[in-house]
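For the sequence shown, the working numbering gives the first residue as 93, with consecutive numbering after it. Backbone N, C-alpha and C fix where the C-beta goes; we use that ideal spot for every residue, glycine too. Treat the numbers as computed from the prediction; the structure is a model and nothing was measured.
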Amino acid sequence: MEFRILGPVQAEHEQRLLPLGGTRQRAVLAALLLDAGRVVGIDKLTSAVWGDRPPATVRAQIQICVSALRRLGLPIESTHTGYLLAVDPDDIDAVRFETLVSEARAATSSSGWYSSEAVEALRTALALWRGPALDGLPGLAAEATWLDESRLVATGDLIDAEIQHGRHVHLVGELSALVREHPLQERFHAQLMLVLYRSSRQADALQAYRGLQRMMRQELGLEPGPELQSLERRILARDPSLDQPAKPVQPVTAERHQAVLTNLVDDMTDQPTDVSFWLPPDSTVFTGRVEEIDEISELLLAPRAKAASVVVLTGLAGVGKTALAVRVAHWQRHAFPDGTLFVDVARSTGRPVSAQDCVVQLLRQLGTRPEDLPAGPQDRLSLYIQRTGSCRALLIFDDVDDERLVRSLLPRDPRCAVLITSRRRLTALEGARLKEVDVLATNTAVEMLAEIAGQERVGQDIPAAERIAVYCDGLPFALRIAASRLQAKPHWPVSRLARRLADERTRLDELQHADLDLRDVLDSSYTALSPRLRRAFRLLGLLATPYFPIWFPVVLLAESEDEAEDLVESLLDDRLLTVAVHDRSKEIRYSFPCLVRLYARERAVAEDPEAEREAALERVRATCVRLTDLCGFLQDTRRARSDMDEDALAPLDPATAADLLADPGRWLADHQDLLDAAMAADSSGSTAARP
Numbered sequence: 093m094e095f096r097i098l099g100p101v102q103a104e105h106e107q108r109l110l111p112l113g114g115t116r117q118r119a120v121l122a123a124l125l126l127d128a129g130r131v132v133g134i135d136k137l138t139s140a141v142w143g144d145r146p147p148a149t150v151r152a153q154i155q156i157c158v159s160a161l162r163r164l165g166l167p168i169e170s171t172h173t174g175y176l177l178a179v180d181p182d183d184i185d186a187v188r189f190e191t192l193v194s195e196a197r198a199a200t201s202s203s204g205w206y207s208s209e210a211v212e213a214l215r216t217a218l219a220l221w222r223g224p225a226l227d228g229l230p231g232l233a234a235e236a237t238w239l240d241e242s243r244l245v246a247t248g249d250l251i252d253a254e255i256q257h258g259r260h261v262h263l264v265g266e267l268s269a270l271v272r273e274h275p276l277q278e279r280f281h282a283q284l285m286l287v288l289y290r291s292s293r294q295a296d297a298l299q300a301y302r303g304l305q306r307m308m309r310q311e312l313g314l315e316p317g318p319e320l321q322s323l324e325r326r327i328l329a330r331d332p333s334l335d336q337p338a339k340p341v342q343p344v345t346a347e348r349h350q351a352v353l354t355n356l357v358d359d360m361t362d363q364p365t366d367v368s369f370w371l372p373p374d375s376t377v378f379t380g381r382v383e384e385i386d387e388i389s390e391l392l393l394a395p396r397a398k399a400a401s402v403v404v405l406t407g408l409a410g411v412g413k414t415a416l417a418v419r420v421a422h423w424q425r426h427a428f429p430d431g432t433l434f435v436d437v438a439r440s441t442g443r444p445v446s447a448q449d450c451v452v453q454l455l456r457q458l459g460t461r462p463e464d465l466p467a468g469p470q471d472r473l474s475l476y477i478q479r480t481g482s483c484r485a486l487l488i489f490d491d492v493d494d495e496r497l498v499r500s501l502l503p504r505d506p507r508c509a510v511l512i513t514s515r516r517r518l519t520a521l522e523g524a525r526l527k528e529v530d531v532l533a534t535n536t537a538v539e540m541l542a543e544i545a546g547q548e549r550v551g552q553d554i555p556a557a558e559r560i561a562v563y564c565d566g567l568p569f570a571l572r573i574a575a576s577r578l579q580a581k582p583h584w585p586v587s588r589l590a591r592r593l594a595d596e597r598t599r600l601d602e603l604q605h606a607d608l609d610l611r612d613v614l615d616s617s618y619t620a621l622s623p624r625l626r627r628a629f630r631l632l633g634l635l636a637t638p639y640f641p642i643w644f645p646v647v648l649l650a651e652s653e654d655e656a657e658d659l660v661e662s663l664l665d666d667r668l669l670t671v672a673v674h675d676r677s678k679e680i681r682y683s684f685p686c687l688v689r690l691y692a693r694e695r696a697v698a699e700d701p702e703a704e705r706e707a708a709l710e711r712v713r714a715t716c717v718r719l720t721d722l723c724g725f726l727q728d729t730r731r732a733r734s735d736m737d738e739d740a741l742a743p744l745d746p747a748t749a750a751d752l753l754a755d756p757g758r759w760l761a762d763h764q765d766l767l768d769a770a771m772a773a774d775s776s777g778s779t780a781a782r783p
């Protein structure tokens, strides 16, 4: 069994991740792993799970967590003072990390020269990391900080080693990213200045120093440390000793490290780098998705024999596909030392880019200067294939609508990986692994609201927060808007926003704040549809039903069964519908996410003439009446089945018709809520769907 705490907490047995459950069980396991082989007291476990606000039933709840972990096969022993996890320390990634770092230091000479064995040990140690230590466990923040600091020290050691071995050109991109993330880690700034200077970029090296100096004066009222000041003077003087491998740059004291975020690299240089890290910033508000991150990471890092790993994240607009992809990429960045590239295929304007646009962007991110770009499209593609043919890089293509756009851009080196986000499934990409990104569960959605609007405030009225989560369909973008509105109205109780969102007629109006508007996100999906699909989408939105089988759109749209099915399945492919199969009858049932249905209804009222809307709904009502009458007729033992109105069955597919004829009473009971809701719908779309 293997245990991992250098990232989200995981346990693996026989190459299978164990389902550890929620945050509490992960926190208990993490606390036991941090002291593996030693008894961990109840007080420490309590602090790890609840911090300084434990519940009255804390002992019982810890026992529940321990029992759940034991059922997974974890060897947890009870003592009179606490619990002990009896595992081999070498099975814990944090222990292996410390062991490898110690081995690297032992293989480093007294003069500070890193041997090849030391370099390899450091690389292996850092490859164990999958993200921030103990991620998502605030009760273990102190332990996480200590582990993360150890990672930074080891990262600095590896960079020193790479510089000594003459690999300075390929470090510019990584160090640029590191100083963005850790602006007061002077060691990284010194290393960046040195590699820029050794890359014949003296001016950029000096600009890097002055950017740091300016920030420290403004934010802290301090000057850079003496090591950096000395390095600046040596760069100005073109000190010949800077051109030779030297002892590692020593880290400054921890007293100078503070959490200040600022963008320094923009002031340093506009020159392309040879190693590229072009990721957007990681989201500061990111709740849940731990298991998804683990699964996607494993798919990306899985060994491949002939081609790059390709993972497609697919889901409804606003579900958080891009945020998830960016987080995975940030966490796995060190697994791809040759760079992490990002292309926004749809761009913020909604105008899709061409494959050639993508090639140019990628070549620029890979360090190709504008004057070095080949003139012809095929020559550019050939250069791109050459540049990605012998490297280990991660490529992210965001908001892809068509497989053809990216097919020619997939790297051929199996050490590379590709992460694609799309509202479509992109099943025509050979070898691609699909990962559905779903909406958030209600409890996770409430956590997201609390993270933005305030834990104490949301915690005072959990039922109201849960209603907001339901009204937002668990959609992260909608939840972000709702939480931002609460943030902007600190005098509002949470129940005030819940009450305003309860009215379906104005819910979309409520889900806008500043430049955030849910309609904008849904517009992008709607405008990408063909005119025929838009019409189907709008009219289906008038159905105030909890779901609909295929015979509903047959009647509503006045289409044949095959044509109606093609339209509905296309909307499903575009993530505007969801689908389920009835347990007993195996009937395929489609449904709108509530917010999407409200948007479709709104578009129908705005774009379709009232007479057309009314005619479509009247066809549905008439069919519902005929089917209800038919069921009553068939249940009347005095009536001969040969006298029934067979035309009433016409809209039904053969399987549904057979199910109705076999047991009309049961069929009617199964569909009564559907028939009642359809009868209540009107062309203004004002009738709400049943929950």
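So, helix, strand or coil for Ser208, using DSSP? helix
Measure from the alpha carbon of Leu270 to the alpha carbon of each residue in Ile134, Leu284 and Gln424, then state which is nearest. Leu284
Using 8 angstroms as the threshold, is the stretch 496-506 in touch with the stretch 525-543, meaning 3 or more CB pairs across them? no
Alpha carbon to alpha carbon, what distance is there between Gln552 and Arg591? 16 angstroms
Would you decide whether Glu266 is buried or exposed? Buried here means 16 or more other CB atoms lie within 10 Å of its CB. buried
Kindly indicate which residue of Ile251, Glu235 and Val179 has the alpha-carbon position closest to the one of Val211. Ile251
Smallest Cα separation from Pro600: which of Glu319, Arg693 and Glu653? In the sequence as presented, Pro is not what sits at residue 600; that position holds Leu. For the residues Glu319, Arg693 and Glu653, the minimum Cα distance to Leu600 belongs to Arg693.
One or two residues paired with Glu657 in a DSSP bridge: Per DSSP, none; premise fails for Glu657.
Hey, out of Leu593, Val586 and Asp665, whose CA is closest to Leu625's CA? Asp665
Among all the DSSP beta bridges, which residues are the ones paired with Val435? Phe489
With DSSP as the reference, label Ala199 as helix, strand or coil. coil
Could you have a look at Asp386 and say whether DSSP puts it in helix, strand or coil? helix
How would you label Asp768, buried or exposed, when you count the other beta carbons within 10 angstroms and need 16 or more for buried? exposed
Alpha helix (DSSP H) runs contained entirely in the stretch 550-606, provided each spans 4 or more residues: 554-563, 568-580, 586-593 and 599-602
In terms of residues, what are the limits of the beta strand (DSSP E) holding Glu702? Per DSSP, Glu702 belongs to no beta strand (DSSP E); it is in the alpha helix (DSSP H), Glu702 to Gln727.
Boundaries of the beta strand (DSSP E) in which Thr670 is found, first to last residue: Thr670 to Val673
Could I get the ranges of all uninterrupted alpha helix (DSSP H) runs contained in the stretch 269-320, with 4 residues as the minimum, in chain order? 278-290 and 294-312
Member of Thr715, Thr406, Gly113 and Glu195 whose CA lies at the smallest distance from the CA of Glu209: Glu195
List the endpoints of the continuous alpha helix (DSSP H) containing Phe428. Careful: Phe428 lies outside any alpha helix (DSSP H) and carries neither H nor E.
Name, in chain order, the residues that DSSP records as bridge partners for Ser683. Thr670
Going by DSSP, name the residue or residues bridged to Ile184. Phe95
Jot down the residue ranges of each uninterrupted beta strand (DSSP E) in the stretch 147-171, minimum 3 residues, whole runs only, in chain order. 168-170
Assess, as a yes-or-no matter, whether the stretch 168-176 is touched by the stretch 219-229 under the definition of 3 or more beta carbon pairs within less than 8 angstroms. no
Contact check, Val451 vs Arg419 under 8 angstroms by CB: the rounded distance? Incorrect: roughly 27 angstroms between the Cβ atoms, too far for contact.
Residue nearest to Asp249 in terms of C-alpha spacing, selected from Gly129, Arg325 and Leu192: Leu192
Cut-off 8 angstroms between Cβ atoms - residues of its own chain near Leu687, not counting five sequence neighbours on either side: Cys564, Asp565, Leu567, Ala570, Arg599, Leu600, Leu603, Leu610 and Leu614
Per DSSP, what kind of secondary structure is Glu694 in: helix, strand or coil? helix
Checking 9 angstroms against the spacing of the C-beta atoms, do Ile642 and Ala620 come in under that value? no
Taking the beta carbon of Trp221 as the centre, do at least 16 other beta carbons fall within 10 Å, making it buried, or is it exposed? buried
Is Leu511 helix, strand or coil when you go by DSSP? strand
Within a Cβ cutoff of 8 angstroms, which residues of the same chain sit near Thr365, ignoring the five residues on either side of it in sequence? Residue placement at Thr365 is flagged as unreliable, the pLDDT there being 40, under the threshold of 50; the coordinate-derived value follows with that caveat. Closer than 8 angstroms at Cβ, skipping near neighbours: Val264, Gly265, Ser268 and Gly459.
CA-to-CA distance, Glu706 to Glu699, given in whole angstroms: 13 angstroms
Let me check understanding here. Comparing Cα to Cα, which of Ala561, Pro756, Glu710 and Ser617 lies closest to Leu86? There is no way to answer for residue 86, as the model of the chain reaches only from 93 to 783.
Rounded straight-line distance, which links the Cα of Ala594 to that of Asn535: 19 angstroms
Residues that Gly133 bridges to, as DSSP identifies them: Gly174
I'd like the span of the alpha helix (DSSP H) that includes Arg116, first residue to last. Thr115 to Leu126
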